[in-house]
Amino acid sequence: MGLERFCVKTPRMVAPLARSVLCIVGLLFTFSQPVCEGFNLDLESPTVYSGPTGSYFGYAVDFYLADSASASVVIGAPKADTAQVNVKQGGAVFYCPWGLSQSDCHTIQFDPEGDRSFSLNNTEHQVDFKSHQWFGATVRSHGDTILACAPLYSWRTEKETPHSDATGTCYLSVHNFTKFVEYAPCRTEISEAIGQGYCQGGFSADFTTDGKVVLGGPGSYFWQGQVISAAKEEIIKAYYPGYFMQSVEGQIQTKQVQAQHDDSYQGYSVAVGDFSGDQVEGKTTPMGSYFGYAVATTDINSDGMADLLVGAPMFMVRGSDGRLEEMGRVYVYLQRGPLNLELRLPHLTGTEAFGRFGSTIAPLGDLNQDGFNDVAVSCPFGGEDRQGLVYIYNGYSEGLREKPSQVIAGQWAAGTIPASFGFALRGDKDLDMNGYPDLIVGAFGVNKALLYRSRPIVNTTASLTIYPTMINPEEKNCIVTSGNASVPVSCVNLSFCISADGKHLPGILDFQVEVQLDSHKHKQKGAVKRALFLDSQQPLLQRRMRVRHGERVCNHTKIYLRGEKDFRDKLSSIYVALNFTLDPKAAADSHGLRPILNYQTANVIEQKAQILLDCGEDNICVPDLKLAVHGDRKEVYLGDDNSLTLTFNAKNEGEGGAYEAELYVVLPPEADYSGIARNNESLTQLTCSYETENQTRYLSCDLGNPMKSGTSLWAGLRFTVPRLKDTHKTVQFDLQIRSKNENNSHSEIVPYKLEVVVQADVILQGVSRPDKVFFPPVNWKLTKNHEVEQDVGPAVEHIYELVNNGPSRISHTLLELRCPLSFQGHPLLYPLEFSTEGPINCTSDKNMNHLRLKVSDLQLCADTHLPGSNESCSNVECWSLQCKVGLLERGTTAILKVRSSVWAETFTEVVTPVVWNKPDIENTVPLWIIILAILAGTLLLALLIYVLYKFDFFKRSVPYGTAMEKAQLKPQAASEA
Numbered sequence: 001m002g003l004e005r006f007c008v009k010t011p012r013m014v015a016p017l018a019r020s021v022l023c024i025v026g027l028l029f030t031f032s033q034p035v036c037e038g039f040n041l042d043l044e045s046p047t048v049y050s051g052p053t054g055s056y057f058g059y060a061v062d063f064y065l066a067d068s069a070s071a072s073v074v075i076g077a078p079k080a081d082t083a084q085v086n087v088k089q090g091g092a093v094f095y096c097p098w099g100l101s102q103s104d105c106h107t108i109q110f111d112p113e114g115d116r117s118f119s120l121n122n123t124e125h126q127v128d129f130k131s132h133q134w135f136g137a138t139v140r141s142h143g144d145t146i147l148a149c150a151p152l153y154s155w156r157t158e159k160e161t162p163h164s165d166a167t168g169t170c171y172l173s174v175h176n177f178t179k180f181v182e183y184a185p186c187r188t189e190i191s192e193a194i195g196q197g198y199c200q201g202g203f204s205a206d207f208t209t210d211g212k213v214v215l216g217g218p219g220s221y222f223w224q225g226q227v228i229s230a231a232k233e234e235i236i237k238a239y240y241p242g243y244f245m246q247s248v249e250g251q252i253q254t255k256q257v258q259a260q261h262d263d264s265y266q267g268y269s270v271a272v273g274d275f276s277g278d279q280v281e282g283k284t285t286p287m288g289s290y291f292g293y294a295v296a297t298t299d300i301n302s303d304g305m306a307d308l309l310v311g312a313p314m315f316m317v318r319g320s321d322g323r324l325e326e327m328g329r330v331y332v333y334l335q336r337g338p339l340n341l342e343l344r345l346p347h348l349t350g351t352e353a354f355g356r357f358g359s360t361i362a363p364l365g366d367l368n369q370d371g372f373n374d375v376a377v378s379c380p381f382g383g384e385d386r387q388g389l390v391y392i393y394n395g396y397s398e399g400l401r402e403k404p405s406q407v408i409a410g411q412w413a414a415g416t417i418p419a420s421f422g423f424a425l426r427g428d429k430d431l432d433m434n435g436y437p438d439l440i441v442g443a444f445g446v447n448k449a450l451l452y453r454s455r456p457i458v459n460t461t462a463s464l465t466i467y468p469t470m471i472n473p474e475e476k477n478c479i480v481t482s483g484n485a486s487v488p489v490s491c492v493n494l495s496f497c498i499s500a501d502g503k504h505l506p507g508i509l510d511f512q513v514e515v516q517l518d519s520h521k522h523k524q525k526g527a528v529k530r531a532l533f534l535d536s537q538q539p540l541l542q543r544r545m546r547v548r549h550g551e552r553v554c555n556h557t558k559i560y561l562r563g564e565k566d567f568r569d570k571l572s573s574i575y576v577a578l579n580f581t582l583d584p585k586a587a588a589d590s591h592g593l594r595p596i597l598n599y600q601t602a603n604v605i606e607q608k609a610q611i612l613l614d615c616g617e618d619n620i621c622v623p624d625l626k627l628a629v630h631g632d633r634k635e636v637y638l639g640d641d642n643s644l645t646l647t648f649n650a651k652n653e654g655e656g657g658a659y660e661a662e663l664y665v666v667l668p669p670e671a672d673y674s675g676i677a678r679n680n681e682s683l684t685q686l687t688c689s690y691e692t693e694n695q696t697r698y699l700s701c702d703l704g705n706p707m708k709s710g711t712s713l714w715a716g717l718r719f720t721v722p723r724l725k726d727t728h729k730t731v732q733f734d735l736q737i738r739s740k741n742e743n744n745s746h747s748e749i750v751p752y753k754l755e756v757v758v759q760a761d762v763i764l765q766g767v768s769r770p771d772k773v774f775f776p777p778v779n780w781k782l783t784k785n786h787e788v789e790q791d792v793g794p795a796v797e798h799i800y801e802l803v804n805n806g807p808s809r810i811s812h813t814l815l816e817l818r819c820p821l822s823f824q825g826h827p828l829l830y831p832l833e834f835s836t837e838g839p840i841n842c843t844s845d846k847n848m849n850h851l852r853l854k855v856s857d858l859q860l861c862a863d864t865h866l867p868g869s870n871e872s873c874s875n876v877e878c879w880s881l882q883c884k885v886g887l888l889e890r891g892t893t894a895i896l897k898v899r900s901s902v903w904a905e906t907f908t909e910v911v912t913p914v915v916w917n918k919p920d921i922e923n924t925v926p927l928w929i930i931i932l933a934i935l936a937g938t939l940l941l942a943l944l945i946y947v948l949y950k951f952d953f954f955k956r957s958v959p960y961g962t963a964m965e966k967a968q969l970k971p972q973a974a975s976e977a
């Protein structure tokens, strides 16, 4: 509803209706474009009528079919300027003849006069106020009569008061524009808010089928509202130009009721229909919280009784986030008996936030000629850029279908105000006389009205036949020519037929037909087509078929099976799809419209053929798949690459082959595939592919197509397991044999588990420098006071290295260093300081540099040796370091560096070497033992030589005696020698 339609300047009316004004102004949102399913309204070439800028041309629309020879459209423009004297934006109604250009639209002169006045006490008083009266806000036609209303028209009663009442007024054009009469039933002496002073008669209006006028006046009696009805013949009789108040014979109207019904706005929207069962039409006038903003009546389920549709464009829907959003809704009530209305579910609910779905509802008649009336519902602020949408819903035996058959989007985006495409709708009239009703859509925000004509509907019957349906690969009954060679192939017959009928169709219809082999319902690996057409050797056949109205046309061809090496899938059906459409380049009918297929007709037909298998009479193979798995290890080490070979045995013990059989291996996240095990000739060499699907990595290995009954094969797969985590105790591979058979197609899943083990080769080694200390040191003097480290004695430096050679990492390691402080009752070592490198943190006891000596920079050498002592810390006093080692990865080290001084004052009386044994020579044999061993060995050797000499061991001898003796040997002995 437009903004000005709400702005009635009365204290009582502004407050309740201003809420809607604010909601309309605040529509600044982004909308999604709906997916349209086109049907028979021609959206490509609508007739567009344009009116004066700013006139709100298109605010109200209707057909005008005065006789069979003329057809036109009437369009209201409630803010148009007119030629009326001293009237600003009085509003107008335009007449647009069908078949002529839109520039031929012209205004209908319902009321050429300006404001009227009367004389009271020799003074002229203005009687009515036609500026901004919104004439043309309501427009309805019936036969040769047009009703146009100005709901904001005001008049002043004969009382001496400056106050005027917004009673509203209407005009009727009768007998094809030959006579005009005014009808203002609210212009009475019962004025102001208490009576009909704020009636706004004509705010809504309609005609009954027999020509009675029905007006809605929502402002009467403190906005209780009322509905007024009278026969147009009686209105014409009662009209007298000089009279402001008239009495119409037979006029009926609702009366004032109790005060609790104030602000009900009865008459806000009206529609007529038979709801009493006596063929007398009643009025529906609901209005409450915008339920009833729009109402319409039509027989949508074709049971002979009018049904009711009620719009609630501000209905709120709770979204997924829990917030309420204004979506709009339309309620459908089926009349099951006189005044027996049954609410049908589900309701029609909008999908565009703040789109005001249900603002206008228009009966369309039987748009698609299926025997059920259809309905248009507007969403004037929906769609992309708020250009407005109109939804077409088809009727059927149970009411309205839940999904629209067509969605019409406006052509203009919102400007300073929304285009409001769909705010006005009118249908159920055949303007171009092609046998189908048309639709007018108003878009007053851009001063446009559009006429959408209905295209003729083609109802088709199609068939697709394959015979025989079983293709035997062994029976080569057709020939395919490839180059100069002729190849025998297995083939079957294929036929497809189309017939068409409908109302007002051209004599010949052109169809585009496609037949697809191995259609989209069955996806082949690598998109390989298993069957081809014999003539073209292609998987797609395209034909143009010309079908006469009411006749049936057929086409015959053959398809053949390709060689077994050309495809893998022998088990599943070969789907054949027939798709047909009307040729878009075909000529239009006599009305300039191209026919369209009925959207409820299936234009895709599928049949299937089967490849004959070696599976018995029923052509069904039932395998029995078994799988056994073992690996070359049961454990994997944390931090290692962990090479692994899985050897499996796959069997088919069933009665039939397993087609497209594959070994399916799901890899754990810690593992990687390396390849096929090839170190054993007894293992089958597989073809495997490594793939990822939904973050699952798997291996697929071909086991045969088919994997015949009785098959037993051994094969091996190699993996690595490098990404182990210390949070998992096991790693699992899942293996399974899968096939495409319909029955018993898979084996049991066989898991193979590996235990995750932590193992680390940790070495602790150390060095010290110097490896020997001699006393007394050079230029050393015994002092009583010790201030620097040299006052104690020479320094000894130590390095301890903790090395992790892996493969696993270690953590939470404790390293303890303990060294003696004394030797034979005398001080031995004085600990000075320590430092660390790597993930190690140490703390010392109180003996570390307890004299607070000044320490020089720590200088360590890599070739020093580990110090030692023959004394045990269990026998003497020791100092200690406690070290905590953190995470130590494979190949990394932690180093502890310690510096101590040897107490020199202990050895001042005797020069004694203090020897620090190196770790690599601590088991060396003393030198005197080595010398003694050499001498003893030499003596023993001399003795042995002497004994051998005495036994003539060193004298030379000739084998087999002398030469003479050798010559006397037998030939055989000589030969053996």
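With UniProt numbering, letter number 263 in the sequence shown gets 263, and the count goes up by one each step, no holes.
Positions of the beta carbon are idealized from the N, C-alpha and C atoms, including for glycine.
Within 10 angstroms of the Cβ of residue i, are there 16 or more other Cβ atoms? Answer buried if so, exposed if not.
i           : result
residue 983 : Residue 983 lies beyond the residue range present for the chain, which begins at 1 and ends at 977; the question has no answer from this structure.
M327        : buried
L215        : buried
Q387        : buried
A588        : exposed
G219        : buried
DSSP has residue i in a bridge; who is on the other side?
i    : result
G311 : A294 and V330
M545 : F511
G891 : DSSP, once it has assigned bridges, lists no residue as partnering G891.
V636 : V756
F733 : Y752
G766 : Y800
D672 : T720
E761 : Reading off the sequence, residue 761 comes out as Asp, not Glu. BP columns for D761 are empty, so no partner.
W714 : N649
The beta strand (DSSP E) with residue i in it runs from where to where?
i    : result
Y599 : Looking at the DSSP string, Y599 is not in any beta strand (DSSP E), and its letter there is neither H nor E.
F207 : S204 to F207
A485 : A485 to D501
E662 : A661 to V666
E837 : L829 to E837
S573 : Here S573 belongs to no beta strand (DSSP E), and DSSP marks it neither H nor E.
Q109 : Taken as a continuous stretch (DSSP letters only), Q109 belongs to no beta strand (DSSP E), as it is neither H nor E.
Could you check whether residue j and residue i sit closer than 8 Å to each other, using their CB atoms as the reference points?
i    : j    : result
T285 : Q266 : yes
G211 : G201 : no
S397 : P380 : no
K740 : D569 : yes
G355 : G319 : no
I574 : A628 : no
Y664 : Q732 : no
Y673 : L713 : no
My guess is that residue i and residue j are in contact by the Cβ rule of under 8 Å, so how many angstroms apart are they, rounded?
i           : j    : result
L339        : L308 : Not a contact, Cβ separation roughly 11 Å.
F580        : N555 : 11 Å between Cβ atoms; not a contact.
residue 994 : L534 : Any property of residue 994 remains undetermined from this structure, which presents the chain solely from 1 to 977.
I508        : T460 : Contact flag wrong, Cβ pair sits at about 14 Å.
K558        : N493 : 6 Å
Just to confirm the assignment, what range does the alpha helix (DSSP H) spanning residue i have?
i    : result
A238 : K232 to A238
Y221 : S220 to W223
Following a CB-centred definition, is residue i positioned closer than 7 Å to any heavy atom of the ligand PLP?
i    : result
P241 : No copy of the ligand PLP occurs in the structure displayed, which carries no ligand at all.
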